[in-house]
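What follows is one structure encoded as structure tokens, with my remarks underneath.
2 protein chains.
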Amino acid sequence: MTDTPPHGRTKPSMADVAAHAGVALGTVSNTLNNPEKVREATRRKVLSSIAELGFVRNDAARSLAAGNSTSVGLVLADLGNSFFVDIARGAERALRRHKMDVLIVNSDVDPDREVHNLELLDRSRVAGIILAPLDTALAKSPHPENRATPTVLVNFESPSLAYPGVTVDERHGGALAASHLIALGRRRLLFVGGPRFLTAVNQRWEGAEQATAAHPGASIEILETRGVNIRHGRDAGRQILARGPGTYDAIVAASDLVAIGLIQILNEVPGFSVPSDIAITGYDNNHFASESAIPISTVSQPGEEMGAVAADLLLERIADPAAAARSVTLEPRLLPRTSTLGEMWRRD
Amino acid sequence: MTDTPPHGRTKPSMADVAAHAGVALGTVSNTLNNPEKVREATRRKVLSSIAELGFVRNDAARSLAAGNSTSVGLVLADLGNSFFVDIARGAERALRRHKMDVLIVNSDVDPDREVHNLELLDRSRVAGIILAPLDTALAKSPHPENRATPTVLVNFESPSLAYPGVTVDERHGGALAASHLIALGRRRLLFVGGPRFLTAVNQRWEGAEQATAAHPGASIEILETRGVNIRHGRDAGRQILARGPGTYDAIVAASDLVAIGLIQILNEVPGFSVPSDIAITGYDNNHFASESAIPISTVSQPGEEMGAVAADLLLERIADPAAAARSVTLEPRLLPRTSTLGEMWRRD
DNA sequence: CGCCTCTTTTGAAGCGCTTCATTTAAACCA
DNA sequence: TGGTTTAAATGAAGCGCTTCAAAAGAGGCG
Chain A
67 MTDTPPHGRT KPSMADVAAH AGVALGTVSN TLNNPEKVRE ATRRKVLSSI AELGFVRNDA
127 ARSLAAGNST SVGLVLADLG NSFFVDIARG AERALRRHKM DVLIVNSDVD PDREVHNLEL
187 LDRSRVAGII LAPLDTALAK SPHPENRATP TVLVNFESPS LAYPGVTVDE RHGGALAASH
247 LIALGRRRLL FVGGPRFLTA VNQRWEGAEQ ATAAHPGASI EILETRGVNI RHGRDAGRQI
307 LARGPGTYDA IVAASDLVAI GLIQILNEVP GFSVPSDIAI TGYDNNHFAS ESAIPISTVS
367 QPGEEMGAVA ADLLLERIAD PAAAARSVTL EPRLLPRTST LGEMWRRD
Chain B
67 MTDTPPHGRT KPSMADVAAH AGVALGTVSN TLNNPEKVRE ATRRKVLSSI AELGFVRNDA
127 ARSLAAGNST SVGLVLADLG NSFFVDIARG AERALRRHKM DVLIVNSDVD PDREVHNLEL
187 LDRSRVAGII LAPLDTALAK SPHPENRATP TVLVNFESPS LAYPGVTVDE RHGGALAASH
247 LIALGRRRLL FVGGPRFLTA VNQRWEGAEQ ATAAHPGASI EILETRGVNI RHGRDAGRQI
307 LARGPGTYDA IVAASDLVAI GLIQILNEVP GFSVPSDIAI TGYDNNHFAS ESAIPISTVS
367 QPGEEMGAVA ADLLLERIAD PAAAARSVTL EPRLLPRTST LGEMWRRD
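Just so you know, the sequences run in chain order A and B. The first sequence begins at 67 in the numbering used here and counts up one residue at a time. The second sequence begins at 67 in the numbering used here and counts up one residue at a time.
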């Protein structure tokens, strides 16, 4: 009945607000962006007009005019993987301190979508991009060596070191697991994981191998799997049983999921048990690693910290795009639990 | 040394491309948006200039000028919860068919951040928003009844039905679980979950209660917990043991995590086992529900379908914002597994 | 009261694009 | 070949904002 602003129909612009408040366009802009430049009375007038009209600033116009953006894009390889969610959380935490927002795009393990998402963010003119690919997918990117948008890599090293990046020392992680088992008195180790062409898997294996080699009397073999999911762990478990229980007294699994699969199969054998007969370590500190029936000793990747460090590197890069790319390597941490320590370890 | 375009320095604009190709600005635009209006030869010239200069269209400018956007915002309550990731996947699948992109923002269970994220997307002038809140958080939104951006709700019903929405029939899910247990011959049921003020939990309980009431001879009690994580399941398990094993012969857990916790505790008791002594159902079809040592019978929420339906509703709304809000309720599905069927059920 | 300084406010230019009324070139037909 | 259609290309207007030089207003002081 009245002529109150229509309900969310046409979105009011700054000009509408200015007219309604009886001030100039620039004053509205200042009220929002440089309030200290606007007299108290004026500011109040403007703010109440904004409220009354339900004005919402158009960020597309803002960033076009200002030539910068306050959002950062985060390209994640797989939202189903909690490691990437941790990265997102860490990045968000760090960026929120600088009043920046995070837009996440999910590539869902598909390299084509990763490229598409990268392009999407380029077009959107976000302030910067944090790219967390799955292994070697970046190679497929169209402008791998020279992206216009400031970019930081997580979990994968730029072959040319053209980008700043955050990685975790996978070799050290593998070594940590093997050393832990050896320290517990185990001698006949087996590494379970694959495929080997996955950089992370291969480095974990190399680390485990080296650590074992450094210890006379200990030996390690490898059982290559086709993936690192629970299913692959179960398959591997059956193969191990076929080789005869007692062939190995410890397993370094390439992932927590593999470890869970192994335990499910091995624990089915009467009179055989984890960890007394075979101690097992996982990798990733998957949420369920600590929650499963037999809490799994694991190597923890500092996902949140990686995200936070990546955010910091990105902010540096945005501030000075010309500076040399700085790379950070974080150390994984061993979290011993029941699957190696047995009853010595209790939850909580 | 040469004056080739500087490496990713200043981003070339359409005007640069036009100059380089020796055509008018509008022609470049047409090459990109209405190629059929441009002569073959011209188009090629433009395209090669684009490639040569490394031109990337500025979407902020595009959507400002065009007055529309090709991205949809997805506000997720908790990326750590695979249910929400499923929703994202479904929405993406549906929107990709219409060449629309999805930007995800994570509220991380914080209602304030949810509001902030909503505002962020409003400002970004995305084409529409799919909001998947955790329970009743929407009530905190500043303009709950009248958002300017087309919005669709997932997993939570708009109190005033002002928005289209997709929900799942939680009551039916609870009934499904209870009926299943009763059909297996169980009679002394217990519902474990909480807190009750969570709509979903309460409705699951109501459904279970009604289904049980419909069956003479069967009874159901409730054990309210403070949350629906594994920890809460373990706590509840200890309480149940304190009441004496045998008090109940079946449990309807409000979530898979609770079910896992319960099983961990109950299975520790010698001579007592799931499901022979107590059958247990979970809820959510969490990824680990089928992968845990005792695969858990569960009620599956069609997360991906919910996301896809939400996307369709949103597209409808974008096309005709004035149309009445349409709401869709999907039915959950019971997935019987070992935790109720025992050895009758085998993985795969 | 008048002059000078500091604070506010103004409004036009321009960010990079889409659109569309015009102009120009090509194609067709008698 | 001249006139008419149709296809292609042009370029100015304008999307909603930030910026900034310039104008206006407010104080301050002798």
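Every residue, glycine too, gets a C-beta built ideally from N, C-alpha and C.
N- and C-terminal bounds of the beta strand (DSSP E) containing residue i
i	result
B:ALA319	316-319
B:ARG399	399-401
A:SER405	Unbroken run through A:SER405 is the alpha helix (DSSP H), 404-407; no beta strand (DSSP E).
A:THR364	364-366
B:ASP82	It is not in any beta strand (DSSP E) - B:ASP82 instead sits in the alpha helix (DSSP H) that spans 80-87.
A:GLY194	194-198
B:PHE257	254-259
B:SER393	393-396
A:LEU219	217-220
Contacting residues, own chain, Cβ-Cβ under 6 Å from residue i (five flanking each side not counted)
i	result
A:PRO78	LEU119, PHE121
B:VAL232	VAL220, MET372, VAL375, ALA376, VAL394
A:SER363	THR347, PRO402, ARG403, SER405, THR406
B:ARG155	GLU370
B:ILE384	ALA193, GLY194, PRO216
A:SER173	ALA143, ARG179, GLU180, ASN183
Buried versus exposed, by CB contacts within 10 Å (16 or more), residue i
i	result
B:ARG270	buried
B:GLU158	buried
A:PRO101	exposed
B:LEU187	buried
A:THR347	buried
B:MET166	buried
A:PRO261	exposed
A:GLN22	Outside the displayed range of chain A (67 to 414) lies residue 22 of chain A, so it cannot be described from this structure.
B:LEU91	exposed
B:LEU227	exposed
A:ALA84	buried
A:THR93	buried
B:PRO361	buried
Residues of its chain near residue i, where Cβ-Cβ distance is below 7 Å and the 5 sequence neighbours each way are ignored
i	result
A:GLY239	ARG270, GLY273, TYR349, VAL365, PRO398
A:HIS209	A caution first: A:HIS209 carries a pLDDT of 46, below 50, which makes its placement in the model unreliable, though a value can still be read off. Taken in chain order, the list of residues that qualify is empty.
B:SER245	ALA277
A:GLU236	ALA266, GLN269, ARG270, GLY273
B:SER339	ASN333
B:ARG412	none
B:HIS298	THR291, ARG292, VAL324, GLY327
N- and C-terminal bounds of the alpha helix (DSSP H) containing residue i
i	result
B:THR278	265-279
B:GLU180	177-190
A:ASP125	125-132
A:VAL122	Looking at the DSSP string, A:VAL122 is not in any alpha helix (DSSP H), and its letter there is neither H nor E.
A:VAL94	91-99
A:SER245	236-249
A:VAL375	369-385
Proximity test, residue i beta-carbon vs the ligand FMN heavy atom, cut-off 6 Å
i	result
A:LEU380	As for the ligand FMN, it is missing from this structure, which has no ligand bound.
Proximal residues to residue i (C-beta, below 8 Å), its chain only, five neighbours per side dropped
i	result
A:ARG252	ALA284, ASP315, ALA316, ALA345
A:GLU382	PRO230, ALA389, ARG392
Near-chain B residues of the region 287-319 of chain A - C-beta to any C-beta below 8 Å: ILE296
Can you give, in chain order, each stretch of the beta strand (DSSP E) that sits fully within the region 291-346 of chain A and has at least 3 residues? 316-319
Which residues, taken in chain order from the region 148-162 of chain A, show a beta carbon closer than 8 Å to some beta carbon of chain B? Against chain B - using a Cβ distance shorter than 8 Å - the residues of the region 148-162 of chain A are SER148, VAL151, ALA154, ARG155, GLU158.
Going along the chain, which residues of the region 345-364 of chain A sit with their C-beta nearer than 8 Å to a C-beta in chain B? HIS353, PHE354, GLU357, SER358, ALA359
Relative to chain A, which residues along the region 121-139 of chain B have a C-beta separation below 7 Å, given in chain order? Of all residues in the region 121-139 of chain B, those with a C-beta nearer than 7 Å to a C-beta of chain A are VAL122, ARG123, ASN124, ASP125, ALA126, ALA127, SER129, LEU130, reading in chain order.
Entirely enclosed beta strand (DSSP E) segments - the region 140-175 of chain A, minimum 3 residues: 167-172
Which residues of the region 384-413 of chain A have a Cβ closer than 7 Å to any Cβ of chain B? Give them in chain order. Listed by position along the chain: nothing, the set is empty.
Could you run through the region 90-118 of chain B and flag, in chain order, every residue whose CB is less than 9 Å away from some CB of chain A? Correct list: empty, as no residue qualifies.
Select from the region 164-176 of chain A all residues with a C-beta closer than 9 Å to any C-beta belonging to chain B, and list them in chain order. ASP167, VAL168, LEU169, ILE170, VAL171, ASN172, ASP174
Using a Cβ-Cβ cutoff of 7 Å, what residues of the region 181-199 of chain A are near chain B? List them in chain order. LEU186, ASP188, ARG189, SER190, ARG191
Taking beta-carbon pairs under 7 Å, can you tell me which members of the region 223-243 of chain A lie near chain B? Correct list: empty, as no residue qualifies.
Please identify, using Cβ separations under 9 Å, the residues of the region 367-379 of chain A that lie next to chain B, in order along the chain. none
Can you list, in chain order, the residues of the region 274-287 of chain A whose Cβ is nearer than 9 Å to any Cβ on chain B? Close to chain B, meaning a Cβ-Cβ distance shorter than 9 Å, is no residue of the region 274-287 of chain A at all.
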